[in-house]
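Residues are numbered in this note's numbering as their position in the sequence shown, beginning at 1, plus a constant of 166.
Note that the Cβ used here is the ideal one computed from N, Cα and C, for glycine as well.
Written below as structure tokens is the structure these notes are about.
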Amino acid sequence: MNSNSTENKVRVNSEHNLIIQNFNSNDTGLYYCKRLEGETDEDEKYNYLVDLIFQENVTSVETGNFTDWRKYYEEYFVPINALFSESQGAEFSYMRNSLNIEMEIVTQWQPWGICEVCGRPKNEGIRKKTGFCRIRLTRKQMTNSSASLNPDEKFLTNAKAISCRSQILGRLVPGISNLTRIIPNFVQVQPCEGTCNPGKYNSLKLLCSIIRKLDAEGLGKGWKAGKTSAFKYRKTVVLAENSHLTVICPESTLENVVIWKRNGKVLKSGESVPPPNPEEEPRIIVDTFNTLYLVDVKESEEGNYTCQVDDVRMQQIVVFVISKAKILTQGLLKRCFVCRSRGELGSCKDPFTVNATQVELEKGVETVPCASGWCGKILETENALKEEYGVATQRMCLQRGPSDSEDRCAYTKWNYRRVLMCFCKGDLCNSGNKFKVSLPLLIVSFVITASRLTVRL
């Protein structure tokens, strides 16, 4: 310890605040404080689990209203939560069976910010709150002796929740960490009412007036204004080990400035990324024409790949790699069609004509890996004639299948609406041609409908 306390790495100041300088992985762990002697409730103690996180390796946060957050939840959280509860992979089994920890990705919301009204049209104020990606940890039972656990394991067994970018999680289960650390945070936006204080927000008002002037001149519109933090194109790709992938950034030409990134790190044009083993050939390459090549891929090539065109966030591709051994022993990971559309012109409607080879050409339709193997389709049927834009059809991956493991279609209530919901298990089975309708439920539904008509007559 240095005689000058301010130069010590760890110190407590005169106000009893703990200060840690140049924080690193060796400083993570459990910290606690208790009341001074002579004060009441001397036994009262406060515990703090301090973790170190990876630098944010996504280029932006997702932004939108609560409906957008639900889509964000279904896209990012649902597939990984299904793996947490059902996957038989080594790391998932280790967390569930060895450490007896159940994991679930959740959003931890911060308080709402102030209502932002200065520089905005009248009665169009907004307020924001940030939701951070967190992993909730639930200890099922205390079977392991703490003496047999290493420091990282002890940390997780004591924690109630950790960041999705926790470095402790990365050291203990790197495969799971690679899935969670690329999930962006979410900023929810909500309308509000308030009064602008010109003295307090004068600089903000000036900035907003400049932005409005640019928009009026047509210089700040659309994607090139950066008004949305999301990418224009997004998809998930599952590659077999030793396979190849070639990607051209959409809407780019040789005259554009194109920047590729992997997990937030820039991939320089005309260069390759050195592989983990120096004796191997490079497997991640961006040529001088800004085309991305993934060659002879292995698990180390997984990640979040993004491209920008003249500072426009154009495309995001999340790449997963499945080993050939897993493909041969367990069969290829099942996929589901994911889409939603409304009306006769929608790409998701029945009859569904898109197949696995055409999905890249159909905007709004994706194929995603589905951990449960169960796909679904929802057809909104209630008040169909009153819908201004027609009936909505949605196809998705289900977190879990029905309890009896039977494929079926049946009428049910979903989001307070009467819908026809179908379940099936298999690769891309929710194309619409493999569902069977539950006859007894249809008969009951017909009788109820007929009864209602009789009463009205």
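{"Item": "Beta strand (DSSP E) runs contained entirely in the segment 520–575, provided each spans 3 or more residues", "Value": "532–535, 540–546 and 558–563"}
{"Item": "CB of N470 within 9 Å of CB of G512, strictly", "Value": "no"}
{"Item": "Residues near C199 by beta carbon distance below 6 Å, same chain, minus five either side", "Value": "Y212"}
{"Item": "Identity of the residues DSSP links to C588 by a beta bridge", "Value": "K543 and C575"}
{"Item": "Proximity to N596 [Cα-Cα], best of E532, R583 and W580", "Value": "E532"}
{"Item": "Residues near N190 in its chain [Cβ-Cβ closer than 8 Å; skip 5 each side]", "Value": "L218"}
{"Item": "Simplified DSSP assignment, three categories, for C595", "Value": "helix"}
{"Item": "Check whether N179 and Q187 have beta carbons under 9 Å apart", "Value": "no"}
{"Item": "Whether R566 touches W540 by CB criterion (9 Å)", "Value": "yes"}
{"Item": "Among L458, V534, S466 and Y577, the one whose alpha carbon lies nearest that of P340", "Value": "S466"}
{"Item": "Contact the segment 428–443 vs the segment 501–510: 3+ CB pairs below 8 Å", "Value": "no"}
{"Item": "Closest Cα partner of M587 within the set S569, Q560 and S571", "Value": "Q560"}
{"Item": "Alpha-carbon to alpha-carbon, E445 and T402", "Value": "30 Å"}
{"Item": "Where the alpha helix (DSSP H) containing W235 begins and where it ends", "Value": "F232 to Y238"}
{"Item": "For E268, the three-state DSSP class (helix, strand or coil)", "Value": "strand"}
{"Item": "The segment 262–282 / the segment 291–304 touching (three or more Cβ pairs under 8 Å)", "Value": "yes"}
{"Item": "S332 burial status per 10 Å Cβ neighbour count (16 or more: buried)", "Value": "buried"}
{"Item": "E228 - partner residues in DSSP beta bridges", "Value": "F352"}
{"Item": "A396: first and last residue of the uninterrupted alpha helix (DSSP H) it sits in", "Value": "It is not in any alpha helix (DSSP H) - A396 carries neither H nor E in the DSSP assignment."}
{"Item": "Distance between L338 and M269 (C-alpha atoms, nearest Å)", "Value": "14 Å"}
{"Item": "Proximity winner among D570, A396, L460 and N408, relative to Q482 (alpha-carbon distances)", "Value": "A396"}
{"Item": "Residue from T233, C362, T323 and N456 with nearest C-alpha to E290", "Value": "C362"}
{"Item": "Endpoints, alpha helix (DSSP H) assigned at I123", "Value": "Residue 123 cannot be examined here, being either before or after the span of the chain that is shown, 167 to 623."}
{"Item": "Rounded C-alpha distance that separates K306 from S264", "Value": "11 Å"}
{"Item": "First and last residue of the uninterrupted alpha helix (DSSP H) at K431", "Value": "From DSSP, K431 is part of no alpha helix (DSSP H) but of the beta strand (DSSP E) over K431 to L433."}
{"Item": "Alpha-carbon spacing of E359 relative to F232, whole angstroms", "Value": "18 Å"}
{"Item": "Collapsed DSSP secondary structure at K294 in the structure displayed", "Value": "strand"}
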